[in-house]
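Undergrad: Every number in this note's numbering is 9 more than the matching position in the sequence shown, counting from 1.
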Amino acid sequence: WGIALSPDARWLYTADGRSNQVSVIDTHTRKVSATIPVGDRPNDLLYIP
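Right, dumping it as structure tokens:
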């Protein structure tokens, strides 16, 4: 599973290979804000603002 943190540390992105999605977590509330469907088995992330 890959993870990436936004430059302002507000958003944490996690790649979940089992569900073929990326979860967007609000670091202030510690809750999943969104899920993004992606291709099969994501395992790395790269954040480019």
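Backbone N, C-alpha and C define an ideal beta-carbon position, used for all residues, glycine too.
Give every residue of the same chain whose Cβ lies closer than 6 Å to the Cβ of Ile12, excluding the five residues on either side of it in the sequence, and list them in chain order.
TA: Taken in chain order, the residues that qualify are Thr23.
Undergrad: For Pro46, is the classification buried or exposed, using 16 other Cβ atoms within 10 angstroms of its Cβ as the cut-off for buried?
TA: When all chains shown are included, Pro46 counts as exposed.
Undergrad: Could you tell me if Pro51 is buried or exposed, where buried requires 16 or more neighbouring beta carbons within 10 angstroms of its beta carbon?
TA: Pro51 comes out buried.
Undergrad: State buried or exposed for Val41, treating a residue as buried only when at least 16 other CB atoms are found within 10 Å of its CB.
TA: Exposed, by the Cβ-count rule.
Undergrad: Can you tell me where the beta strand (DSSP E) holding Leu21 begins and where it ends?
TA: 20-25 is the extent of the beta strand (DSSP E) around Leu21.
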